[in-house]
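These protein sequences, in sequence, are chains D and Y.
Heads up, the final residue of the first sequence is numbered 1712 in the working numbering, and it's a clean run with no missing numbers.
Heads up, the final residue of the second sequence is numbered 1104 in the working numbering, and it's a clean run with no missing numbers.
Step one of this worksheet: look at the structure below.
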Amino acid sequence: MNVLTHYETPLLQSPFHARTAAANKMHSWGNWGGYASVLTYEDLAMEHAAIRNTASVYDLCPMVKYRITGPDAAAYLNRLTVRNAAKLSVGSVHYTVWCDDAGKLEDDGTLFRLGAHDYRLCCQERHLPWLLDSAFGFDVAVREETEEVAALSLQGPTSAAALSAAGFDVTALKPFRMADFPFGRGRLMISRTGFTGDLGYELWTTPDLALNLWDHIFAAGELLGIRPIGSDALNLARLETGFVITNYDFTPAQQAVREDRARSPFEMGLDWLIDWDKGQFTGRQALLAEKAKGSKWAFVGVEIDGNISAEGAVLYHDRKTEAGVVTGACWSPTLKKSIALAQVERRFLAKGNLWAEIYALRELHYAKLMQRVRVVDRPFFAPDRRRATPPGRF
Amino acid sequence: MPTRSCDVIVIGAGPNGLAVAIRLAKAGRKVLILERQATERPGFAPGFTAPPLAHLSYNLDPRVEAGMNLSSHGLTWAAPVLDTTAVSSDGHHLRLSGRDLGKVDGPLSPEDRLAWAALSARLTRFASVLRPFRDMPPPRLAKGVGNDLWALAKIGLRARLMGKAEFRELLRMFLTNTYDVLNDELSDPLLKGALAFDATLGTWLGPRSPNSLLPWLDRLSGGGPRLPAGGMGALAASMRNSAMAAGVTIRSGASVGRALIEGGRATGVVLDGGEELRAPLIVSAVSPKSTLLGLVGPQALDTGLVNRIRHQKARGGAAKLHLALSGVPDFRGADLKTRLVLAPSEEHVERAFNPVKYGQVPDTPVMEVLLPSAHEAGHAPAGQHLLTAVVQYAPHNPADRDAARADMLKAALAQLEAHSPGIGGLITHAELLMPYDIETIWGLPGGNWHAGELSIEQMLFLRPLPGLSQYRTPVQGLWLASAGCHPGGGVSGTPGWNAAAAIERAGE
Ligand SMILES: Cc1cc2nc3c(=O)[nH]c(=O)nc-3n(C[C@H](O)[C@H](O)[C@H](O)COP(=O)(O)OP(=O)(O)OC[C@H]3O[C@@H](n4cnc5c(N)ncnc54)[C@H](O)[C@@H]3O)c2cc1C
């Protein structure tokens, strides 16, 4: 008889678990896509500082990964996603999104072109049924490979130096390009990608080599200020650079229960991704109609007076009329400002005069603050080093 | 070389293709119909032409009949009202007459006689309340989408004017099944058998299937069965003649392989041979399923839509039997100029449906038999007879298609023999077309009568799919007009006529 024990370990462990658990001094775990994922290893400020000043390592394994192969892979992805996957060159990566028939976002993700007929799609949510349904009529194979890949994100000014010290020369690697290296008995793929808006790389290998990779990178980065970071620090960094996260900044269409909750690429400021000339993609007709008619919502970066994080704040026009909601906010350690991402109804955006209603809990009493909100360009923080090739020697 | 020779390309020269073509042509457009069939199918027996799929007219649209002026293009009726015989295997037949079949001759109890008269009148009344729905695009659920509120209000008012009790009864009938209604009201098995057969003819429903009464009401709203002089082939010919007289070009032997789509817009078609034909407006009068999945292709459509059309139900349960007979058959004295229904009881109809759910052939199928040659000469060589029958239920996708066809033929002939002893000895040739044969020859998906099942969840604004019910497709310039659209199948021309109206309204 089988012994049913799955309920004793409801969260999966990533291939790096032995190392992440040992480093997780605060025993601070969260659930990311069914995996035990570290929120803060030791100290949030130190971990954020590592992203912006030295090198940080983040366990990416829980990120959902799909492998799409076959002669129609490019055509399939062109129909699935809004961007032109055929134009993506082999060895390159691009950011993309995909929609349902109504042109509402289902997820965003990064698409890696590993070969002419071989792609990897990384995203936040699970989509296998939709991806398989979308494959009808295309000569492709689609499978989830989340558990077959071990991945780390190495981000920060000294990340390139750490890789050099580890024996991987990435000085010529441009943003959104990948390179392949022998590693142990297998291979290591390094892409110049990340979620921090800083100089950084993502390292991809197989689970059997995971612990070796961790040890190797940490040894190489020892004198370069390397440290593991949890999701809390990463969240600060992604807010500073203005990246969206599905289910934080918008509710994906396939999960939204309420009819008016789903958002389109126009409404999330992602319409720049759409290639209108490549032919059909799911949602195209609906998005063309929206383009002609105008969208209800906009997605913006804002600065807010004061130093209290505006997490979850309601935005008002003229302090009175509800105009939107903050989807992510923080006191930015880098900018020393209160910043936020927000969904705002377009009709109020033009008028300005926006305010955030912030409830600050002060010893069991809420202080209600009405703070002025200024719409600013995203990214809030964009250091030149993120793009410089060869990367600076920090 | 691409040629641009017309304003509209219609795919398929079935009744709906012809109806949409003629209406657009009469509005001044140059219309080209492309039809896959080269000529008539080869005859199935020496001296016999191949009968078309349909053998009776159940619901020819009066708007189409008048609008195409079919009478001046050769349409006359061999039997403008066709009586029905519920054939008994002991010779105690029932003859049903009148457009609602409400009058019965034969051995029937006075109670049943009265009850059926009342029930048939009620069903006919309900059918006539629903009738106007057939002539309009399905109402839409969303607000401010241009529903014809006046027409809808009229239907509602008529329904309400029947009185509260009748209105309530109508709503109950929408949702109930044929078996229960028959057994609530009647007791004679033979009568119930014939009615259960009529109710489910052409559907993939048994009398006991939920909502099986609604398609019956729809059938009744078409009026009773009629037989054109020269058979249904002559009706089709009159439609073609009328279309050609209106300037429509019909090109047969032209099988459309795919639609040409450029920048999200349909700009023409490519024939199987590779020839390109262009027109600013393309109307597909072949089923929505084959149009979207075959001619347009998933690549040019949204995933959600492709999913829904893939899962649209299209199972055919009717087979078509053609027999060449060396002499006149005898159905124990039944009038051969009537429509002969072989369905001993409503239970038989249900039992004939059970096996097809599992891809199997029923032992005792039920059927509707017609002898066109009993009405007039021309269907068979002198002294011989043509028998055509719709036989239910046949599996649409059995494991072994040839074996299923052979079994089905055997079972059908055994039923015929039981009702017409000695008929087996008259048979010189037999042809049985299973649903999959019908799909191959005529392109009806699954061999389904309605080019997509007609059942409550695929009717009105759900037909062929939610979001597609207005004859328009998401591909600009491509419209749907086949029986797969509202209000469904039969040689009616109604979907085609409605589609033309929708195209005109849209100003396309
Ligand atoms: C067994 C059976 C018996 C029936 N008996 C009757 C009956 O007695 N009375 C009745 O009223 N109805 C009957 N029907 C139903 C009736 O036949 C259909 O509902 C009706 O024919 C639908 O009309 P249509 O114009 O939409 O499609 P169709 O009549 O199917 O016309 C479509 C046409 O398109 C052509 N075509 C298909 N693909 C292509 C292509 N790629 N390129 C070019 N041309 C193409 C086909 O050859 C066909 O001629 C029966 C159906 C079945 C299955």
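Backbone N, C-alpha and C fix where the C-beta goes; we use that ideal spot for every residue, glycine too.
Exercise. Nearest CA to the CA of Glu964 (chain Y): which residue from Y:Ala939, Y:Pro958, Y:Arg691?
Worked result: Answer by Cα proximity: Y:Ala939.
Exercise. If we ignore side chains and look at the alpha-carbon of each, how far apart do Leu897 (chain Y) and Ala761 (chain Y) end up?
Worked result: Near 47 Å, if we compare the C-alpha coordinates of Ala761 (chain Y) and Leu897 (chain Y).
Exercise. What is the residue span of the beta strand (DSSP E) that Ser693 (chain Y) lies within?
Worked result: If you look at Ser693 (chain Y), you'll find it in the beta strand (DSSP E) that goes 690 to 693.
Exercise. Excluding the five sequence neighbours on either side, which residues of its own chain have a C-beta within less than 7 Å of the C-beta of Val1632 (chain D), listed in chain order?
Worked result: Here the set comprises Glu1640, Val1643, Glu1675.
Exercise. What do you get for Glu1424 (chain D), buried or exposed, if any count of 16 or more other CB atoms within 10 angstroms of its CB means buried?
Worked result: So Glu1424 (chain D) counts as buried.
For this session: Taking only the alpha-carbon atoms, compute the straight-line gap between Val660 (chain Y) and Asp1426 (chain D) and give it to the nearest angstrom.
Result: If I take the Cα positions, the gap works out to 52 Å.
For this session: Decide if Val1408 (chain D) is buried, meaning its Cβ has at least 16 other Cβ atoms within 10 Å, or exposed.
Result: Exposed, by the Cβ-count rule.
Exercise. Any heavy atom of ligand 1 within a distance shorter than 6 Å of the CB on Tyr989 (chain Y)?
Worked result: Incorrect: Tyr989 (chain Y) has no Cβ contact closer than 6 Å to ligand 1.
Exercise. Gly740 (chain Y) to Ala1393 (chain D), Cα distance in whole Å?
Worked result: Those two C-alpha atoms are separated by around 37 Å.
Exercise. Between which two residues does the beta strand (DSSP E) carrying Met828 (chain Y) extend?
Worked result: It is not in any beta strand (DSSP E) - Met828 (chain Y) instead sits in the alpha helix (DSSP H) that spans 828 to 841.
For this session: From the DSSP output, in three-state form, read off Leu737 (chain Y) for me.
Result: In this structure, Leu737 (chain Y) counts as coil in the three-state DSSP scheme.
Exercise. At what residues does the beta strand (DSSP E) containing His918 (chain Y) begin and finish?
Worked result: Where His918 (chain Y) is concerned, the enclosing beta strand (DSSP E) stretches over 914 to 921.
Exercise. To the nearest angstrom, how far is it from the Cα of Ala1537 (chain D) to the Cα of Val1375 (chain D)?
Worked result: Note on geometry: alpha-carbon atoms of Ala1537 (chain D) and Val1375 (chain D) lie some 12 Å from one another.
Exercise. How would you call Ala1473 (chain D), buried or exposed, if buried means at least 16 neighbouring beta carbons within 10 angstroms?
Worked result: It is worth fixing the name first, because residue 1473 (chain D) is Gln in this sequence and not Ala. Counting the other CB atoms within 10 Å of its CB gives Gln1473 (chain D) a total of 16 or more, which places it among the buried residues.
For this session: Identify every run of the alpha helix (DSSP H) within the stretch 1461 to 1524 of chain D, keeping only runs that are complete inside it and at least 4 residues long; order them along the chain.
Result: Listed in chain order, the complete alpha helix (DSSP H) runs (minimum 4 residues) inside the stretch 1461 to 1524 of chain D are 1477 to 1483.
Problem set entry | Three-way DSSP call (helix, strand, coil) for Phe1057 (chain Y) in this model | Three-state result, Phe1057 (chain Y): helix.
Exercise. Can you list, in chain order, the residues of its chain whose CB lies under 7 Å from that of Ala1479 (chain D), leaving out five sequence neighbours each side?
Worked result: Cβ neighbours of Ala1479 (chain D) beyond the five flanking positions: Leu1542, Arg1711, Phe1712.
For this session: Consider the C-beta atom of Val650 (chain Y) and the heavy atoms of ligand 1; say whether any pair is separated by less than 6 Å.
Result: First, the residue type needs correcting, since residue 650 (chain Y) is Ala and not Val in the sequence shown. A distance criterion of 6 Å places the beta-carbon of Ala650 (chain Y) in contact range of ligand 1, judged by its closest non-hydrogen atom.
Exercise. For His1015 (chain Y), which of Y:Glu943, Y:Leu932, Y:Gly1039, Y:Pro648 has the nearest alpha-carbon?
Worked result: For His1015 (chain Y), the nearest C-alpha among the options comes from Y:Leu932.
For this session: Report yes or no: do three or more beta-carbon pairs, one from the stretch 1487 to 1500 of chain D and one from the stretch 1524 to 1538 of chain D, lie closer than 8 Å?
Result: No: fewer than three Cβ pairs fall under 8 Å.
For this session: Measure the Cβ-Cβ separation of Gln1072 (chain Y) and Ala1098 (chain Y) and say whether it is below 7 Å.
Result: When the beta-carbon positions are compared, Gln1072 (chain Y) and Ala1098 (chain Y) stay at least 7 Å from each other.
Exercise. Going by alpha carbons, who is nearest to Arg1690 (chain D) out of D:Glu1681, D:Ile1626, D:Trp1594?
Worked result: Looking at the Cα atoms, D:Ile1626 is the closest of the given residues.
For this session: Check whether the stretch 873 to 886 of chain Y touches the stretch 964 to 978 of chain Y, counting contact only when three or more Cβ pairs, one atom from each stretch, lie closer than 8 Å.
Result: Too few Cβ pairs lie closer than 8 Å, so no.
For this session: With a threshold of 6 Å, establish whether the CB of Leu1423 (chain D) neighbours any heavy atom of ligand 1.
Result: Not a single heavy atom of ligand 1 lies less than 6 Å from the C-beta of Leu1423 (chain D).
Problem set entry | According to DSSP, residues forming a beta bridge with Lys699 (chain Y) | By DSSP's assignment, Lys699 (chain Y) forms a beta bridge with Y:Ser693.
Exercise. For the beta strand (DSSP E) that Ser1656 (chain D) lies in, which residues bound it at each end?
Worked result: 1655 to 1663 is the extent of the beta strand (DSSP E) around Ser1656 (chain D).
Exercise. In chain D, which residues lie less than 7 Å from Gly893 (chain Y) when you measure between Cβ atoms?
Worked result: Around Gly893 (chain Y), the beta-carbon contacts reaching into chain D at under 7 Å are Gly1455.
Exercise. Which whole-angstrom value is the C-beta distance of Glu1100 (chain Y) and Ala738 (chain Y), which I expect to be below 8 Å?
Worked result: Contact doesn't hold; Cβ gap of about 22 Å is too wide.
Exercise. So Gly1042 (chain Y) packs on Arg928 (chain Y), CB below 8 Å; how close in whole Å?
Worked result: About 36 Å separates the beta carbons of Gly1042 (chain Y) and Arg928 (chain Y), which is beyond the 8 Å limit, so they are not a contact pair.
Exercise. Quick one: what's Asn1349 (chain D) bridged to in DSSP?
Worked result: Beta-bridge partners of Asn1349 (chain D) (DSSP): D:Ala1354.
Exercise. Quick one: what's Trp1615 (chain D) bridged to in DSSP?
Worked result: According to the DSSP secondary-structure assignment, Trp1615 (chain D) is paired through a beta bridge with D:Glu1663.
For this session: Label Pro1070 (chain Y) either buried or exposed according to how many other C-beta atoms from any shown protein chain fall within 10 Å of its C-beta, with 16 as the threshold for buried.
Result: Here Pro1070 (chain Y) is buried, its C-beta having at least 16 other C-beta atoms within 10 Å.
Exercise. Whose Cβ in chain Y lies nearer than 7 Å to the Cβ of Gly1601 (chain D)?
Worked result: Near Gly1601 (chain D) (Cβ distances below 7 Å), the residues of chain Y are Asp898.
Exercise. Where in the stretch 957 to 986 of chain Y do unbroken runs of the alpha helix (DSSP H), each at least 4 residues long, occur, reported from the N-terminal end onward?
Worked result: Runs of the alpha helix (DSSP H) lying entirely within the stretch 957 to 986 of chain Y, each at least 4 residues long, are 968 to 971 in chain order.
Problem set entry | Interface positions of the stretch 1385 to 1402 of chain D facing chain B (Cβ-Cβ less than 8 Å), listed along the chain | The chain labelled as chain B is not found among the protein chains of the depicted structure, namely D and Y.
Exercise. Per the contact definition of three or more C-beta pairs closer than 8 Å, is the stretch 1612 to 1631 of chain D in contact with the stretch 1657 to 1669 of chain D?
Worked result: The stretch 1657 to 1669 of chain D is in contact with the stretch 1612 to 1631 of chain D.
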